[in-house]
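Working notes for the structure below.
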Amino acid sequence: MEVIIRRKSLKSLVTKVVKGLAFLALSKRAYPISDIDDDGDEEIVTSVPEGHFAVIAMEGGDEEEKKRFMIELDYLTDPAFLKLLEMAKEEYGFQHKGALALPCTPQQLRNILHNHQL
């Protein structure tokens, strides 16, 4: 029993470390703020640091393809990100409270953020 628990804990730790390293490679300027643990519980950070805003990457309202990100304000000048905001305006509008919903998958948003030119 103890071996199974240790193996499960080790797997969980390795999974979290790999995810963390992948996001560090992406950018220190934009990062996801929610994640789903191995036990299915979602951890969400609700406060947004100064100079950032929250977005949710979700395509077609697919709950499985949904992830929250904190984005630095500098991304508001990036042409690819601005195009994504225009698409969000057309699809969802901006009348809601909370994080902006973006019509893309989390991976598509990561690609845009990764290719951002300073």
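Per the UniProt record's numbering, the very first residue in the sequence shown carries number 1; after that it's consecutive. A virtual CB, placed ideally from N, CA and C, is assigned to each residue, including glycine.
Beta-carbon proximity of residue i to residue j, cut-off 9 Å
i: residue 91; j: residue 101; result: yes
As assigned by DSSP and simplified to three states, the class of residue i
i: residue 67; result: strand
i: residue 114; result: helix
i: residue 72; result: strand
i: residue 53; result: strand
i: residue 101; result: strand
i: residue 26; result: Only weak support exists for where residue 26 lies, its pLDDT of 43 falling under 50; the value from the coordinates is given anyway. If DSSP states are grouped into helix, strand and coil, residue 26 belongs with the helices.
i: residue 35; result: Confidence is the limiting factor: at residue 35 the pLDDT is only 43, short of 50, which leaves the residue's position unreliable, though a coordinate-based value still follows. If DSSP states are grouped into helix, strand and coil, residue 35 belongs with the strands.
i: residue 94; result: coil
Same chain, Cβ closer than 7 Å to residue i, neighbours up to 5 away in sequence not counted
i: residue 71; result: 30, 52, 53 and 55
i: residue 65; result: 58, 59, 105 and 106
Own chain partners of residue i with C-beta closer than 8 Å, once the 5 adjacent residues on each side are dropped
i: residue 84; result: 102, 103, 104, 109 and 112
Integer Cβ distance of residue i from residue j, believed to fall under 8 Å
i: residue 68; j: residue 88; result: Residue 68 to residue 88, Cβ: 14 Å. No contact.
Identity of the residue in the options nearest residue i by Cα
i: residue 49; options: 107, 73 and 82; result: 73
Other residues of its chain near residue i: CB distance less than 6 Å, five sequence neighbours each side excluded
i: residue 78; result: 116
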